[in-house]
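Our numbering puts the first residue of the sequence shown at 3, with every later residue one more than the last.
Think of the CB as a built atom: it goes at the ideal place given N, C-alpha and C, for glycine as much as any other residue.
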Amino acid sequence: MNFLPYTKTKAKLPLNTDFHSLPILLLYGGRSAEHEVSCISAIFIFEKLVEARFTVYPVYVAKNGLWYLQEVPSAAEENCIGNSCKVRFVQQDSEFFLEGERDKVPVKFVFPIIHGTNGEDGRLQGMLEFYQIPYAGCSALSSALCMDKWFMREIFKAAHLPQVEYAKLEKKQWEEKLSDIMEKFSYPVFVKPCNMGSSVGVSKVKEQSELKTAIEDAFRYDDHILIEQGVDPEEIEVSILGNFPDYKVSLPGKLLPNHEFYSYEAKYEDENGAHFEIPANLEESVRKEVQEMAKKAFAAVRGEGFARIDFFLEKQTNKLYLNEINTLPGFTPISMFPRLFEVSGISPSDLLSEIVALGYSRFEKQSTFVA
Numbered sequence: 003m004n005f006l007p008y009t010k011t012k013a014k015l016p017l018n019t020d021f022h023s024l025p026i027l028l029l030y031g032g033r034s035a036e037h038e039v040s041c042i043s044a045i046f047i048f049e050k051l052v053e054a055r056f057t058v059y060p061v062y063v064a065k066n067g068l069w070y071l072q073e074v075p076s077a078a079e080e081n082c083i084g085n086s087c088k089v090r091f092v093q094q095d096s097e098f099f100l101e102g103e104r105d106k107v108p109v110k111f112v113f114p115i116i117h118g119t120n121g122e123d124g125r126l127q128g129m130l131e132f133y134q135i136p137y138a139g140c141s142a143l144s145s146a147l148c149m150d151k152w153f154m155r156e157i158f159k160a161a162h163l164p165q166v167e168y169a170k171l172e173k174k175q176w177e178e179k180l181s182d183i184m185e186k187f188s189y190p191v192f193v194k195p196c197n198m199g200s201s202v203g204v205s206k207v208k209e210q211s212e213l214k215t216a217i218e219d220a221f222r223y224d225d226h227i228l229i230e231q232g233v234d235p236e237e238i239e240v241s242i243l244g245n246f247p248d249y250k251v252s253l254p255g256k257l258l259p260n261h262e263f264y265s266y267e268a269k270y271e272d273e274n275g276a277h278f279e280i281p282a283n284l285e286e287s288v289r290k291e292v293q294e295m296a297k298k299a300f301a302a303v304r305g306e307g308f309a310r311i312d313f314f315l316e317k318q319t320n321k322l323y324l325n326e327i328n329t330l331p332g333f334t335p336i337s338m339f340p341r342l343f344e345v346s347g348i349s350p351s352d353l354l355s356e357i358v359a360l361g362y363s364r365f366e367k368q369s370t371f372v373a
């Protein structure tokens, strides 16, 4: 079903330069708790970028922060380090390179797929912007806003977008403030670290006796956490593509978890952790509401490039709540982000070509501004 009016982005490139001849540095791994997810995504992205005729240099960022240049990405750390060349980021005049004992490759465009801390929170994007290197995905600003669930919800609130009740809890003096905060909630509630993805550190709390353990677990990952009101929803997701304010939104998909909720275990450790309805069987009015709200949410954070946007559709009331924006969604063969665009008429290789073109296009636009 070709649902999207799909017009490819035209990036302005140097004279006599073929779009697909420009090398792409695929940066993956990283130092966060989502390291393994990043590796799986990188394997799929590499395969599809090569299929789209790009020259791709996979660079593995080890858990200790060292960078390794590879021929192909791998999910096994021993392969990533053992069959590769350690490299460092260097500048020569106005050009940037990755340089090692055996290899030296130019850095012309970066496709970051490092999930979580340091890769998804705007730090890596900010470094690339500082050095004026074009890259795929959301900007440093929108990445940072969406990585922190508290700030993201405050932006949604300012934009008058519907969401469940929520409250922030700081690690300092949380025990004294907890009873006052919990007065506006009823069980179940969800407890989440503010700065983690892939449901790391997230707990569903069904009664008061479980609350302290869930809070202490969330504080293992962050010094401020979020408490959210639980609802009985259908979980709806869409993929979004484009540079502000021109967005394409996929058909919605429905997530049907076989666990209490779509936990890290359900996502990555249990092959039967969930099943998906792609595209989702929704009323036309609900589908349009989801897609329009996705555009408003992405625009509210000045989103650019690509993202996945998640919603709750409450079963009893059919009320739609915005849940979150994931600015660096999983990109594996079974991930919702590429699958939703595929059923909407855009193949994974075309999708990645468009993401690269959007990154170049944004960079070219920013280059015209007075510093």
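Expected contact under 8 Å - CB spacing of C87 and V303 to nearest Å: Start at 1 with the first residue of the sequence shown, and residue 87 comes out as number 85. Start at 1 with the first residue of the sequence shown, and residue 303 comes out as number 301. Their Cβ separation, rounded to whole angstroms, is 37 Å, which puts C87 and V303 out of contact at 8 Å.
Close-in-space but distant-in-sequence residues of the same chain around Y133 (CB under 7 Å, 5 per side omitted): For the purposes of this step, residue 133 is taken as residue 131 along the sequence shown, with counting starting at 1. These residues qualify, in order along the chain: F98.
Candidates S252, V292, F371: closest to S346 by CA position: Residue numbering aside, residue 346 sits at position 344 when the sequence shown is read from its first letter. When only C-alpha atoms are compared, the closest one is S252.
G128 - DSSP class collapsed to helix/strand/coil: Within the sequence shown, residue 128 is the residue found at index 126, counting from 1. Three-state DSSP puts G128 in a helix.
As assigned by DSSP and simplified to three states, the class of N18: In the sequence shown, residue 18 corresponds to position 16, counting from 1. Residue confidence for N18 is low, a pLDDT of 46 falling below 50, so the modelled location carries little weight; the figure read from the coordinates is stated next. Of the three classes helix, strand and coil, the one that applies to N18 here is coil, per DSSP.
Pairwise C-alpha distance: I229 and K206: As a first step, residue 206 must be located in the sequence shown, where it is residue number 204. As a first step, residue 229 must be located in the sequence shown, where it is residue number 227. Here the alpha carbon of K206 sits roughly 10 Å from the alpha carbon of I229.
Range of the contiguous beta strand (DSSP E) that encloses Y62: On the sequence shown, position 60 is the one that residue 62 refers to. It spans 58 to 63 - the beta strand (DSSP E) in which Y62 sits, taken as one unbroken run.
Closest residue to G307 among N120, I280, P114, I157 (Cα-Cα distance): Against the sequence shown, residue 307 aligns to sequence position 305. The shortest C-alpha separation from G307 is found at P114.
C-beta contact flag for E316 and D234 at 8 Å: Against the sequence shown, residue 316 aligns to sequence position 314. Against the sequence shown, residue 234 aligns to sequence position 232. Going by C-beta atoms, E316 is nearer than 8 Å to D234.
Other residues of its chain near N4: CB distance less than 6 Å, five sequence neighbours each side excluded: For the purposes of this step, residue 4 is taken as the residue at position 2 of the sequence shown. Residue placement at N4 cannot be trusted, given a pLDDT of 41 that sits under 50; what the coordinates show is reported in the next sentence. For N4, the CB contacts under 6 Å within the same chain, skipping 5 residues up- and downstream, are G347 in chain order.
Contacting residues, own chain, Cβ-Cβ under 8 Å from N18 (five flanking each side not counted): Position 16 of the sequence shown holds residue 18. Annotation note: pLDDT 46 at N18 (below 50); position unreliable, coordinate value reported separately. Close CB contacts of N18 within its chain, under the 8 Å cut and outside five residues either way in sequence, are absent.
Segment contact flag, the segment 114 to 129 with the segment 137 to 155, C-beta cutoff 8 Å, min 3 pairs: With the cut-off at 8 Å, the segment 114 to 129 and the segment 137 to 155 touch.
Through-space distance from R341 to K256, alpha-carbon basis: Numbered from its first residue, the sequence shown carries residue 256 at position 254. Numbered from its first residue, the sequence shown carries residue 341 at position 339. Roughly 12 Å separates the two Cα atoms.
N120 versus A35, E279, E49, F314, residue with shortest Cα-Cα distance: The residue labelled residue 120 in the question sits at position 118 within the sequence shown. Of the candidates A35, E279, E49, F314, the one whose C-alpha sits nearest the C-alpha of N120 is A35.
Cα-Cα separation between F318 and Y189, rounded to whole angstroms: Position 316 of the sequence shown, counted from the first residue, corresponds to residue 318. Position 187 of the sequence shown, counted from the first residue, corresponds to residue 189. The sequence given here places Gln at residue 318; Phe does not occur at that position. Q318 and Y189: Cα-Cα distance of roughly 17 Å.
Y323 and V166 closer than 8 Å at C-beta: Looking up residue 323 in the sequence shown gives position 321. Looking up residue 166 in the sequence shown gives position 164. Yes, they are a contact pair.
Reduced DSSP category for G307 - H, G, I as helix; E, B as strand; rest coil: Locating residue 307 in the sequence shown gives position 305, where the first residue counts as 1. Here G307 sits in strand by DSSP.
Stretch-stretch touch, CB-based, cutoff 8 Å, three pairs: the segment 58 to 69 with the segment 24 to 43: yes
One or two residues paired with W69 in a DSSP bridge: As a first step, residue 69 must be located in the sequence shown, where it is residue number 67. The partner list for W69 (beta bridge, DSSP) reads V63, V89.
Per-residue DSSP class, three states only, for D248: The count along the sequence shown starts at 1 and reaches residue 248 at position 246. Note: D248 maps to strand in three-state DSSP.
Pairwise C-alpha distance: T57 and Q72: As a first step, residue 72 must be located in the sequence shown, where it is residue number 70. As a first step, residue 57 must be located in the sequence shown, where it is residue number 55. Near 13 Å, if we compare the C-alpha coordinates of T57 and Q72.
Counted within 10 angstroms of its Cβ, other Cβ atoms place I357 as buried (16 or more) or exposed: Your numbering for residue 357 matches position 355 in the sequence shown. By the neighbour-count rule (16 or more Cβ atoms within 10 Å), I357 is buried.
For P195, the first and last residue of its enclosing beta strand (DSSP E): In the sequence shown, counting from the first residue as 1, residue 195 sits at position 193. For P195, the uninterrupted beta strand (DSSP E) segment begins and ends at 191 to 195.
Beta-carbon proximity list for V109, same chain, < 7 Å, skipping 5 on both sides: As a first step, residue 109 must be located in the sequence shown, where it is residue number 107. Excluding sequence neighbours, V109 sits near L27, F98, F99, L100, I135.
Coil, strand or helix - I137 by DSSP: As a first step, residue 137 is located in the sequence shown; it is residue number 135 there, counting from the start. The amino acid at residue 137 is misidentified as Ile; the sequence shows Tyr. DSSP places Y137 in strand when its eight states are reduced to three.
Pick from T215, V292, C196, I217 that is closest to I238, judged by C-alpha positions: Here residue 238 refers to the residue found at position 236 of the sequence shown. Measuring from the Cα of I238, the nearest candidate turns out to be V292.
Close-in-space but distant-in-sequence residues of the same chain around F221 (CB under 7 Å, 5 per side omitted): The residue given as residue 221 occupies position 219 in the sequence shown. Here the set comprises K173, I227.
Given G260 as reference, the closest of F278, W69, F187, G305 once Cα atoms are compared: Within the sequence shown, residue 260 is the residue found at index 258, counting from 1. Inspection of the sequence shows that residue 260 is occupied by Asn rather than by Gly. Closest by alpha carbon: F278.
H37, DSSP secondary structure in three states: Against the sequence shown, residue 37 aligns to sequence position 35. Here H37 sits in helix by DSSP.
Option in F339, E326, L354 with minimal Cα separation from E156: As a position in the sequence shown, residue 156 is number 154, starting the count at 1. The option with the nearest alpha carbon to E156 is E326.
Exposure of N283, with buried meaning 16 or more beta-carbon neighbours within 10 Å: The residue you call residue 283 lines up with position 281 of the sequence shown. With fewer than 16 other Cβ atoms within 10 Å, it is exposed.
Integer-rounded CB distance, given that R289 should sit under 8 Å from S241: Position 239 of the sequence shown, counting from 1, holds the residue named residue 241. Position 287 of the sequence shown, counting from 1, holds the residue named residue 289. S241 to R289, Cβ: 14 Å. No contact.
Per DSSP, cross-strand counterpart(s) of S241: Taking the first residue of the sequence shown as position 1, residue 241 is located at position 239. Per DSSP, R310.
Residue of L353, N245, I183 minimising C-alpha distance to Q231: Taking the first residue of the sequence shown as 1, we reach residue 231 at position 229. The candidate whose alpha carbon is nearest that of Q231 is I183.
Which of helix, strand or coil DSSP assigns to P281: Translated into the one-based positions of the sequence shown, residue 281 becomes position 279. Here P281 sits in coil by DSSP.
Residues near S43 in its chain [Cβ-Cβ closer than 8 Å; skip 5 each side]: The residue given as residue 43 occupies position 41 in the sequence shown. Within the same chain, S43 has close Cβ partners Y30, I115, H117, G332, F333, T334, S337.
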